[in-house]
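A.B. asks: Structure below; questions to follow.
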Amino acid sequence: MNAIDNKESLTRKEWMGHYDTCYKLCTGTDRHELGLYNCLRASFVKQVAHIINTKLADLKDVSLLKKYLETFEIYRSSARAIANTSQILARFWIPSQRASKKDVREIAPLSIWVWREYCYKALKEQLLSALFSYIERDRNGAMLDKSLVRDMIESLNAIALDDSRKFYEQEFEARFLEETKAYYVNESTNFLSSNSISDYMTKAEERIKEESSNCEASYKDTLAKLEQALNFALIENHMESLQATFKSMLTADRQQDMTRFYFLLSRVANGLTNSAKTFEEHVAAQGVAIVKEQASKKTAQAAMKSAISFIQQVTNAQHTTGDQTAELYTKYSAQVDQCFLKNSSFKEAFDKAFVTIMNLSAGKFTTLLNFYLDYLLKGKAKIAEEEKAAQLEDIARLFSYFRDKDEFAEYARRGLCKRLLARGSGFDETAEKNFISLLKAQCGNSFTRRLQGMFTDAEDESIARVKQRFQEWNGDSDKVLNDSFWPISGVDKFPLPGQSSEFVASVSKFEEFYKHETGGSKQLRWLYNHGTVMLSTTEGKAKRELVVTPLQASILLLFNQKDAWALNEIKAVLWPGDQSRAKLRASRSSEYDINLMEILKAAIQPLACWSFTALERSTQSPAEVQTEAEKSAKGGESEVDAESSAEKINDDDVFTVKIDLKKKRRVAFPAGSAKQESKQAKQDQVAVVKQRAFEVDAAMVRVLKSRNVLSWTELQLQVVDILKVRFLPQAKLLKARLESLIERGFLDRDANDRTLLKYIA
1 MNAIDNKESL
11 TRKEWMGHYD
21 TCYKLCTGTD
31 RHELGLYNCL
41 RASFVKQVAH
51 IINTKLADLK
61 DVSLLKKYLE
71 TFEIYRSSAR
81 AIANTSQILA
91 RFWIPSQRAS
101 KKDVREIAPL
111 SIWVWREYCY
121 KALKEQLLSA
131 LFSYIERDRN
141 GAMLDKSLVR
151 DMIESLNAIA
161 LDDSRKFYEQ
171 EFEARFLEET
181 KAYYVNESTN
191 FLSSNSISDY
201 MTKAEERIKE
211 ESSNCEASYK
221 DTLAKLEQAL
231 NFALIENHME
241 SLQATFKSML
251 TADRQQDMTR
261 FYFLLSRVAN
271 GLTNSAKTFE
281 EHVAAQGVAI
291 VKEQASKKTA
301 QAAMKSAISF
311 IQQVTNAQHT
321 TGDQTAELYT
331 KYSAQVDQCF
341 LKNSSFKEAF
351 DKAFVTIMNL
361 SAGKFTTLLN
371 FYLDYLLKGK
381 AKIAEEEKAA
391 QLEDIARLFS
401 YFRDKDEFAE
411 YARRGLCKRL
421 LARGSGFDET
431 AEKNFISLLK
441 AQCGNSFTRR
451 LQGMFTDAED
461 ESIARVKQRF
471 QEWNGDSDKV
481 LNDSFWPISG
491 VDKFPLPGQS
501 SEFVASVSKF
511 EEFYKHETGG
521 SKQLRWLYNH
531 GTVMLSTTEG
541 KAKRELVVTP
551 LQASILLLFN
561 QKDAWALNEI
571 KAVLWPGDQS
581 RAKLRASRSS
591 EYDINLMEIL
601 KAAIQPLACW
611 SFTALERSTQ
621 SPAEVQTEAE
631 KSAKGGESEV
641 DAESSAEKIN
651 DDDVFTVKID
661 LKKKRRVAFP
671 AGSAKQESKQ
681 AKQDQVAVVK
691 QRAFEVDAAM
701 VRVLKSRNVL
711 SWTELQLQVV
721 DILKVRFLPQ
731 AKLLKARLES
741 LIERGFLDRD
751 ANDRTLLKYI
761 A
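Take the sequence shown: its position 407, counted from the start at 1, is 407 in UniProt numbering, and no numbers get skipped.
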């Protein structure tokens with residue numbers, strides 16, 4: 001031991017001499033194993049005492065740590081050499097003694113035990129104080145050798161022997177965690193008193209990363225407990241202050257601060273619960289602000305413009321002017337992904353916020369979203385195919401937030417119907433089918449079956465062959481559709497006995513041709529408010545083309561006969577006789593009541609009052625000649641009301657031809673007025689309400705038929721679960737439909753328990 005301590009090496013002869021001595025003491029007739037063992041133990045104790053007295057007694061702090069580690073390594077090397085020379089003792093005698101004497105150890109572990117008992121314990125307080133002082137100096141910014149801490153921890157693990165984990169916890173970990181917590185509680189409190197929350201979060205993040213890095217390098221077994229101590233001192237201890245500033249981070253859009261905020265609070269149990277709620281409220285408030293702006297748009301034309309603006313805001317699309325709008329959906333979904341690392345609490349909060357926004361009654365988002373969908377699919381946005389596909393995906397995502405998806409579906413179905421029948425220049429069949437696929441992926445085939453049915457009917461090969469043969473023979477392109485697939489209202493099925501002679505000939509030819517092709521088994525009903533007619537005219541030397549409906553074409557062709565026509569005169573020609581209404585049988589038990597004058601006004605309004613015009617009105621309505629005194633007496637007329645009055649068609653209006661296409665060669669006119677569109681939307685809403693009643697009835701009967709007897713509460717839960725993919729039925733509707741089913745004899749209440757319901761076969 002002295003030789004190694006003095007850094008002197010043993011020769012092979014010397015080493016073999018020691019080995020031979022041990023061998024003889026353990027194998028001769030006069031054996032001295034116990035004496036040899038005790039002698040070795042005494043040598044270790046003597047060597048440790050010598051080390052303390054000559055090398056460690058007068059040292060302190062870092063010098064003590066370094067010398068302690070240096071002498072420990074030399075001592076271990078000496079002990080290993082002795083263990084190697086006394087292998088004969090370890091091979092036979094020690095195993096035989098350990099069965100009865102637990103304090104007998106292998107030679108190498110014996111040397112470590114002696115070091116722990118006689119050196120480490122004697123210097124323990126000095127060593128640990130020096131170690132923790134060294135760690136604190138490192139935290140305070142001194143450039144120190146971190147390997148010293150690692151080596152000291154390794155030395156503690158080396159002398160632990162039997163229960164290394166317990167020894168490590170008692171000697172180092174418990175005190176380390178306590179001092180770490182106290183250090184950072186004090187530092188964080190002082191730092192916050194003179195710095196902003198933003199600066200504090202930066203500091204806290206740096207501290208956590210520094211401590212984690214040091215822990216991984218030196219005492220990684222303590223990492224989990226160290227994180228808990230840091231979380232308490234740096235986060236939980238200041239939770240209220242951190243959460244109080246989160247809303248201002250959202251308002252000011254401080255991305256880096258929000259990222260750090262999430263990094264810190266995600267480390268604490270339930271640390272993000274309140275913050276996620278704040279995020280939800282903030283996003284919802286941004287949406288409500290947009291809703292208030294859209295709610296001020298009273299007319300359908302204004303709603304169309306606001307719909308484009310709204311969806312562009314929500315989806316981060318481009319305005320028609322090319323300016324980047326305020327991002328809503330894209331902005332906050334990006335925050336969830338980037339700042340909050342797709343955390344489930346924030347994703348749920350984001351979804352809840354958009355559910356709130358998209359279902360505000362004042363927003364009318366089902367209408368707005370369909371306005372924009374129609375605008376996009378008609379090709380009016382003038383954007384690349386990739387951007388169009390991306391915006392359709394955005395619309396489908398927004399659609400997923402509707403509680404009442406059936407209302408949107410009905411509007412989308414009617415819009416698709418018009419686009420399929422018109423097949424304008426901007427019609428994009430691929431985009432239409434892709435959007436249906438997006439809806440199908442969210443809600444299933446049952447939700448999109450009727451949308452797909454229109455495409456299937458329009459592409460019916462047997463009918464297509466008939467139309468192709470007629471087109472080759474006559475030159476016209478007529479569509480024959482199955483009435484059950486298309487959302488064609490009764491108003492659109494009006495007759496047109498006074499149509500132009502050109503139409504009469506074409507209609508008669510096709511009816512005769514179709515009757516011959518089908519054997520007269522099917523009845524045709526013409527839709528004069530759908531389809532397109534191309535009319536040519538000249539404006540000076542320039543040739544212009546007007547794309548209009550058959551009804552609008554019949555109106556315009558009248559001006560070939562004379563220059564000016566009163567509205568009543570036009571009606572008298574198109575519908576001869578003194579009739580203002582018409583009745584059409586829908587079925588054996590019902591019929592349509594059609595106001596012909598309203599149909600005429602709706603068709604002529606775009607021709608005279610749109611941004612492009614084909615006709616000009618020469619008389620004013622009473623609303624337009626209202627005096628300023630009358631306006632003042634009524635408190636003034638709003639801009640929206642004035643706009644509506646200017647576009648209103650009156651019975652005594654007189655029209656003359658005035659082609660104003662603003663230098664465009666071809667213009668496609670709308671099929672009807674904005675008022676008609678608004679009225680149709682209300683009718684669609686009524687139809688949706690009726691359809692919901694049927695679906696609730698069917699769901700209730702289906703559930704009770706399978707269960708036979710069920711409580712009212714359980715029935716409501718199961719019906720809502722069935723219907724939630726299409727709409728969220730309200731308790732009032734469920735109760736009303738229950739009473740209706742009971743009255744009609746499908747269900748009944750239990751005689752003994754009124755809360756129980758039973759199915760009547």
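Note that the Cβ used here is the ideal one computed from N, Cα and C, for glycine as well.
Let me know the secondary structure DSSP gives ALA668 once reduced to three states.
C.D. replies: Along the sequence shown, one-based indexing puts residue 668 at 668. The answer is strand: DSSP assigns ALA668 an E or B state.
A.B. asks: Using only the alpha-carbon positions, how far apart do LEU234 and CYS22 sit?
C.D. replies: Position 234 of the sequence shown holds residue 234. Position 22 of the sequence shown holds residue 22. Computed Cα separation, rounded: 60 Å.
A.B. asks: Would you tell me roughly how many angstroms separate the C-alpha atoms of PHE427 and ASP374, rounded to the nearest one?
C.D. replies: Here the question's residue 427 lines up with position 427 in the sequence shown. Here the question's residue 374 lines up with position 374 in the sequence shown. Each residue's Cα considered, the two are about 10 Å apart.
A.B. asks: With DSSP run on the structure shown, which of helix, strand or coil describes ASP748?
C.D. replies: Mapped onto the sequence shown, residue 748 falls at position 748. Strand.
A.B. asks: Among LEU128, GLU206 and PHE408, whose alpha-carbon lies nearest the alpha-carbon of ARG726?
C.D. replies: Walking along the sequence shown from the start, residue 726 turns up at place 726. The candidate whose alpha carbon is nearest that of ARG726 is PHE408.
A.B. asks: Could you say which of TYR528, ASN529 and ARG544 lies nearest to LEU535 if we only look at CA atoms?
C.D. replies: Counting from one through the sequence shown, the residue named residue 535 turns up at place 535. The candidate whose alpha carbon is nearest that of LEU535 is ARG544.
A.B. asks: Between residue 763 and LEU556, which are expected to be in contact by the criterion C-beta below 8 Å, what is the C-beta distance as a whole number of angstroms?
C.D. replies: Nothing in the structure corresponds to residue 763, since the chain is present only between 1 and 761.
A.B. asks: For VAL185, report the span of its alpha helix (DSSP H) as first-last.
C.D. replies: The residue you call residue 185 lines up with position 185 of the sequence shown. It spans 174-192 - the alpha helix (DSSP H) in which VAL185 sits, taken as one unbroken run.
A.B. asks: Looking at the unbroken beta strand (DSSP E) that takes in ARG165, where does it start and where does it end?
C.D. replies: Looking up residue 165 in the sequence shown gives position 165. Taken as a continuous stretch (DSSP letters only), ARG165 belongs to no beta strand (DSSP E), being part of the alpha helix (DSSP H) at 164-168.
A.B. asks: Between which two residues does the beta strand (DSSP E) holding SER536 run?
C.D. replies: Within the sequence shown, numbered from 1, the residue matching residue 536 stands at position 536. Run containing SER536: 533-539, per the beta strand (DSSP E) assignment.
A.B. asks: Near LEU496, which residues of its chain fall below 7 Å by C-beta distance, leaving aside the five closest residues on each side in sequence?
C.D. replies: Mapped onto the sequence shown, residue 496 falls at position 496. Here the set comprises TYR528, LEU551, SER554 and LEU574.
A.B. asks: To the nearest angstrom, report how far apart THR456 and VAL288 are at their CA atoms.
C.D. replies: Along the sequence shown, one-based indexing puts residue 456 at 456. Along the sequence shown, one-based indexing puts residue 288 at 288. Spanning the two alpha carbons is a distance of roughly 40 Å.
A.B. asks: From ASN434 to ALA396, what does the alpha carbon distance come to, in whole angstroms?
C.D. replies: Numbered from its first residue, the sequence shown carries residue 434 at position 434. Numbered from its first residue, the sequence shown carries residue 396 at position 396. Near 11 Å, if we compare the C-alpha coordinates of ALA396 and ASN434.
A.B. asks: Assuming PHE44 and LEU110 make a contact with CB atoms under 8 Å, what is their CB distance in whole Å?
C.D. replies: What you label residue 44 is simply residue 44 of the sequence shown in a count that begins at 1. What you label residue 110 is simply residue 110 of the sequence shown in a count that begins at 1. 7 Å between Cβ atoms; contact.
A.B. asks: To the nearest angstrom, how far is it from the Cα of GLY379 to the Cα of ALA603?
C.D. replies: The count along the sequence shown starts at 1 and reaches residue 379 at position 379. The count along the sequence shown starts at 1 and reaches residue 603 at position 603. In a straight line, the C-alpha of GLY379 is about 23 Å away from that of ALA603.
A.B. asks: Do you know whose CA, among LEU177, ASP337, LEU64 and ALA108, lies nearest THR85's CA?
C.D. replies: Within the sequence shown, numbered from 1, the residue matching residue 85 stands at position 85. The option with the nearest alpha carbon to THR85 is ALA108.
A.B. asks: According to DSSP, what are the bridge partners of SER521?
C.D. replies: The count along the sequence shown starts at 1 and reaches residue 521 at position 521. None; SER521 has no bridge partner.
A.B. asks: Can you tell me which residues form a DSSP beta bridge with ARG617?
C.D. replies: In the sequence shown, residue 617 corresponds to position 617, counting from 1. Answer is PHE655.
A.B. asks: Starting from the Cα of ASP145, find the closest Cα among SER218, ASN370, THR273 and GLN286 and give me that residue.
C.D. replies: In the sequence shown, counting from the first residue as 1, residue 145 sits at position 145. Checked all of SER218, ASN370, THR273 and GLN286; the closest Cα to ASP145 is SER218.
A.B. asks: Measure from the alpha carbon of GLY490 to the alpha carbon of each residue in VAL504, ILE436 and ASP593, then state which is nearest.
C.D. replies: Taking the first residue of the sequence shown as position 1, residue 490 is located at position 490. Here the closest residue by C-alpha is ASP593.
A.B. asks: Given a threshold of 16 other Cβ atoms within 10 Å of its Cβ, counted over all protein chains shown, does VAL504 qualify as buried or as exposed?
C.D. replies: In the sequence shown, residue 504 corresponds to position 504, counting from 1. Classification for VAL504: exposed.
A.B. asks: If we ignore side chains and look at the alpha-carbon of each, how far apart do ALA623 and HIS282 end up?
C.D. replies: As a working note, residue 623 is residue 623 in the sequence shown. As a working note, residue 282 is residue 282 in the sequence shown. Summary for ALA623: the model assigns pLDDT 45, below 50, so the residue's position carries little reliability; its value from the coordinates is reported in the next sentence. In a straight line, the C-alpha of ALA623 is about 44 Å away from that of HIS282.
A.B. asks: Does the beta-carbon distance from ARG175 to PHE232 come in below 8 Å?
C.D. replies: For the purposes of this step, residue 175 is taken as the residue at position 175 of the sequence shown. For the purposes of this step, residue 232 is taken as the residue at position 232 of the sequence shown. No, the pair does not count as a contact, with Cβ atoms beyond the cut-off.
A.B. asks: So does the stretch 431-447 actually touch the stretch 704-720, counting three or more Cβ pairs closer than 8 Å?
C.D. replies: The answer is no - the stretch 704-720 does not touch the stretch 431-447, with fewer than three Cβ pairs under 8 Å.
A.B. asks: Of the choices TRP486, SER212 and THR656, whose alpha-carbon is the least far from that of GLN561?
C.D. replies: Reading the sequence shown from its first residue, position 561 is the one you call residue 561. If we check each option's Cα against that of GLN561, THR656 comes out closest.
A.B. asks: At the level of alpha carbons, what is the spacing between PHE669 and LYS418?
C.D. replies: The count along the sequence shown starts at 1 and reaches residue 669 at position 669. The count along the sequence shown starts at 1 and reaches residue 418 at position 418. The straight-line gap from Cα to Cα measures roughly 13 Å.
A.B. asks: Judging by CA-CA distance, which residue of LYS571, SER711, ASP61 and SER506 is the nearest neighbour of LEU596?
C.D. replies: Taking the sequence shown and counting its residues from 1, one reaches residue 596 at position 596. Selected option, being the one with the closest Cα: LYS571.
A.B. asks: Is the distance from the Cβ of ALA160 to the Cβ of VAL62 below 8 Å?
C.D. replies: Sequence index remark: in the sequence shown, residue 160 carries index 160 (1-based). Sequence index remark: in the sequence shown, residue 62 carries index 62 (1-based). The answer is no: Cβ separation not under 8 Å.
A.B. asks: Could you check the C-alpha separation between GLU743 and SER437 for me, to the nearest Å?
C.D. replies: Here residue 743 refers to the residue found at position 743 when the sequence shown is read from its first residue. Here residue 437 refers to the residue found at position 437 when the sequence shown is read from its first residue. Computed Cα separation, rounded: 41 Å.
A.B. asks: Taking just the CA atoms, how far does GLN47 sit from LEU223?
C.D. replies: Translated into positions along the sequence shown, residue 223 becomes position 223. Translated into positions along the sequence shown, residue 47 becomes position 47. So the two alpha carbons sit approximately 37 Å from each other.
A.B. asks: List the residues that DSSP assigns as beta-bridge partners of residue 762.
C.D. replies: Nothing can be reported for residue 762, as the shown portion of the chain is limited to 1 through 761.
A.B. asks: Any heavy atom of the ligand FAD closer than 7 Å to the Cβ of SER611?
C.D. replies: As presented, the structure is devoid of all ligands, the ligand FAD included, so that no description of it is given.
A.B. asks: With H, G and I counted as helix, E and B as strand and the rest as coil, what does DSSP make of ASP199?
C.D. replies: Residue numbering aside, residue 199 sits at position 199 when the sequence shown is read from its first letter. DSSP places ASP199 in helix when its eight states are reduced to three.
A.B. asks: Please report how far the alpha carbon of LYS648 lies from the alpha carbon of ALA422, in whole angstroms.
C.D. replies: Mapped onto the sequence shown, residue 648 falls at position 648. Mapped onto the sequence shown, residue 422 falls at position 422. Those two C-alpha atoms are separated by around 25 Å.
A.B. asks: Mind the definition here: the stretch 658-668 touches the stretch 333-349 only if three or more C-beta pairs lie below 8 Å; say whether that holds.
C.D. replies: No, because fewer than three Cβ pairs between the stretch 658-668 and the stretch 333-349 fall closer than 8 Å, the two stretches do not touch.
A.B. asks: Measure the C-alpha to C-alpha separation of MET239 and LEU264 and round it to an integer number of angstroms.
C.D. replies: Here residue 239 corresponds to residue number 239 of the sequence shown, with the count starting at 1. Here residue 264 corresponds to residue number 264 of the sequence shown, with the count starting at 1. Going by the C-alpha atoms only, they are around 10 Å apart.
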